[in-house]
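Reviewing the structure listed below.
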Amino acid sequence: MIIEPILDFTRMDKQTKTYVDAFMADLIRKNPGENEFHQAVREVVESVAPVVMAYPYMREQKVLERMVEPERVIMFRVPWMDDQGEVQINRGFRVQMNSAIGPYKGGIRFHASVNLSIMKFLAFEQTFKNALTTLPMGGAKGGSDFSPRGKSDAEVMRFCQSFMTELQRHIGADTDVPAGDIGVGGREIGYMFGQYKRLRDEFTGTLTGKGQHWGGSLMRPEATGYGACYFAEAMLRTRGESFEGKRVCISGAGNVAQFAAQKAMRLGAKVLTLSDSDGFIYDPEGLNEEKMNYVFELKNVRRGRIKEYAQKYPQAQYFPGERPWRIPCDIAMPCATQNEIEKADAKTLVNNGCFCVTEGANMPSTPEAIAIFQGAKILYSPGKASNAGGVATSGLEMTQNSMRLKWTAEEVDQRLRTIMADIHAACLKYGTEEDGYINYVKGANIAGFMKVANAMVEQGLV
Ligand code: NDP
Ligand code: 2IT
């Protein structure tokens, strides 16, 4: 039974609001203290509640109630020894949220802040994001409260091996396929893949983001940042605009930020800022290819801090302890972490003339910030739509691994562009409001929800 979506979900009536309030009260009661998870769920529930109200079977089948209950949560001890010979204990997680449309798929985050709430919010978001990619991937997320920052390669390797020694029994090419996220890049994927292969005695595409000579897809490192720029281009086009000559503020200096900056610059924009958790740099002349190469070397080879950019390029200023949002820009691309744009930041951005916010990170804008953007009717896309290029290209890596062949960079890039255009079209379909404003939050949430909900109903009560 395929349920055709109705398109007029614009108004939330009183009955719908009562449903949302009761749903959220129950969720908070069952998952106390998990603030990030509550925040991610509320955003989706507010978008899809009119759909749920329109179809009684969705309520009878408790589709939404099932979606917020992970299919499985795995938590485990990760013991390892540091370079001084001291025993260290971290906590490992894998939240297998939803497998209605494909094997579990989602990144692994290594950061001191990782806890169950953050894992569940990310796995929940991933479920909708993966549905939007048009590829058959369920939603998951994993990680640990281990921070690779300041650790030696040997320590990172020992940690990754211990982490994978437990995780390997829960994953597999047709079961669950992890990848990178904050604190997990090529180095960490390499150590985890090596241990997986050793313990399971198989060479399959069970992790994505692998090295270029052992199964990694070309363009996977670039995919999230590039995909966010392709999505932003599509948004800008709805207003007859482009990146050409625009001032862009980017937060973060990691994988997503680096390639968002490179693509935005190559599309003719002036990229003014990058940041890390210690502060941000402002380069009034904008990035260029030479400066980008410096950033790649600084962050990916030397694992240095972004403040060093201002030492290398004296026209740039470094602002410790601050985020970049007060620098006037046309386009903002948050590419660091959750809740990094708060209400006051959003007001500053809009007051300074910013008219496009494209999220590279997951849930970087607070609900209050989103309300400011949408209230001002500026272009605003949630991460689950605009950062989906990363996991989409992971899906393309899985396909190449299954076929045991490798596509060219041009072929992968073309597929990525098509996927981002399709996601944008889905947002337009479900998110265009009566006055023509495109509510990308509603569009992305309803499009992702319809796909997963229908698959769940068709597969029965599991
Ligand atoms: P990286 O670890 O490569 O880079 C993260 C960057 O964000 C670093 O500059 C880091 O600074 C900064 N950052 C991390 N945590 C914080 C914090 N609490 N406050 C301020 N700055 C912080 O990660 P990615 O670039 O891969 O991920 C960035 C975002 O993009 C995350 O939200 C992730 O979930 C999302 N994402 C990633 C995808 C991918 O393919 N990698 C795909 C889709 C989304 P510092 O060095 O100081 O920690
Ligand atoms: O948040 C994300 O989409 C990612 N970290 C990428 C996940 C993946 O499986 O490539």
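Residues 0 to 461 (numbering that gives the first Met the number 0) make up the sequence shown, in order. Every residue, glycine too, gets a C-beta built ideally from N, C-alpha and C.
Report the CB separation of residue i from residue j in whole angstroms; it is logged as a contact under 8 Å.
i	j	result
Val50	Arg58	Between Arg58 and Val50 the Cβ distance is about 11 Å, and since that is not below 8 Å, they are no contact.
Ile188	Leu206	6 Å
Ile340	Trp324	6 Å
Thr98	Glu70	The identity of residue 98 in the sequence shown is Ser, whereas the question assumes Thr. Indeed, because the Cβ distance is near 6 Å, the residues count as touching under 8 Å.
Glu396	Ser216	4 Å
Thr174	Leu198	At roughly 15 Å, the Cβ-Cβ gap does not stay under 8 Å, so Thr174 and Leu198 are not in contact.
Lys298	Gln261	Between Gln261 and Lys298 the Cβ distance is about 12 Å, and since that is not below 8 Å, they are no contact.
Lys128	Val390	6 Å
Gly106	Val183	7 Å
Could you compute how far the alpha carbon of residue i sits from the alpha carbon of residue j?
i	j	result
Lys269	Gly285	5 Å
Leu348	Trp406	40 Å
Ile1	Asn453	Here the model assigns Ile1 a pLDDT of 48, short of 50, so the residue's position is not dependable and the matter cannot be decided.
Trp213	Gln194	14 Å
Phe145	Glu240	42 Å
Val40	Lys209	31 Å
Pro283	Tyr312	11 Å
Ala443	Ala309	38 Å
Gly447	Leu131	5 Å
Leu63	Gly84	48 Å
Tyr54	Ala122	26 Å
Glu221	Gln458	36 Å
Pro319	Ala252	14 Å
Asn361	Gly149	24 Å
Glu45	Val19	7 Å
Asp12	Ala21	14 Å
Ile5	Met449	Its pLDDT being 47, under 50, Ile5 is placed unreliably in this model, and the coordinates cannot settle the point.
Val176	Thr133	17 Å
Phe158	Lys196	16 Å
Cys228	Arg416	10 Å
Gly244	Asp25	49 Å
Gly179	Ser393	10 Å
Ser116	Val72	12 Å
Met455	Tyr56	12 Å
Glu409	Met218	9 Å
Met402	Val113	35 Å
Asp81	Thr336	27 Å
Ala172	Thr237	39 Å
Val47	Lys428	14 Å
Val451	Thr126	8 Å
Ile280	Ile369	25 Å
Gly435	Gly374	14 Å
Leu460	Lys61	10 Å
Asn400	Ala153	29 Å
Val155	Ile437	44 Å
Ala315	Gly430	40 Å
Could you tell me whether the Cβ of residue i comes closer than 9 Å to any Cβ of chain D?
i	result
Asp275	Of the protein chains in the structure, only one exists, and it is not chain D.
Taking 9 Å as the cut-off, decide whether the C-beta atoms of residue i and residue j are in contact.
i	j	result
Ser364	Phe372	yes
Met419	Gly226	yes
Gly359	Cys334	yes
Ala343	Phe230	no
Arg108	Ile181	yes
Gly278	Phe242	no
Ala139	Tyr190	no
Met264	Glu296	no
Gly141	Met118	yes
Pro366	Glu35	no
Ser250	Arg168	no
Asn386	Thr223	yes
Out of the options, which has the shortest C-alpha to C-alpha gap to residue i?
i	options	result
Gln95	Leu63, Thr132, Gly137 and Trp79	Gly137
Arg90	Arg76, Ala99, Ile100 and Met80	Arg76
Arg246	Glu42, Gln337 and Ala331	Ala331
Asn254	Arg157, Leu235, Gly244 and Asp275	Asp275
Ala233	Leu378, Glu367 and Thr336	Leu378
Lys376	Lys298, Asp81 and Val440	Val440
Gly388	Met402, Arg403, Thr398 and Asp412	Asp412
Tyr317	Leu273, Gly352, Val356 and Pro147	Leu273
Phe162	Gly184, Phe202 and Arg93	Arg93
Cys426	Pro381, Arg322, Met291 and Ser250	Pro381
Pro78	Lys290, Arg322, Tyr293 and Gln160	Gln160
Gln38	Pro31, Ala111, Val86 and Phe120	Phe120
Gly465	Ile422, Leu235, Val300 and Ser143	This structure leaves residue 465 out entirely; the chain is present only between 0 and 461.
### Query
What are the start and end residues of each continuous alpha helix (DSSP H) run of 4 or more residues lying completely inside the region 144-183, in chain order?
152-166
### Task
List in chain order: all unbroken beta strand (DSSP E) runs of 3+ residues lying wholly within the region 22-107.
71-80 and 86-97
### Message
As an exercise, report each continuous alpha helix (DSSP H) stretch of at least 4 residues that is fully enclosed by the region 263-321, in chain order.
### Response
288-295 and 306-311
### Query
Going along the chain, which unbroken runs of the alpha helix (DSSP H) with 4 or more residues stay wholly within the region 110-146?
115-131
### Query
Fully enclosed by the region 364-418, which alpha helix (DSSP H) runs are 4 residues long or longer?
366-374, 382-385 and 387-402
### Length at least 3, wholly inside the region 323-352: the beta strand (DSSP E) runs in chain order
330-333
### Task
Give, in chain order, every unbroken run of the alpha helix (DSSP H) that is at least 4 residues long and sits entirely within the region 184-243.
185-199 and 219-236
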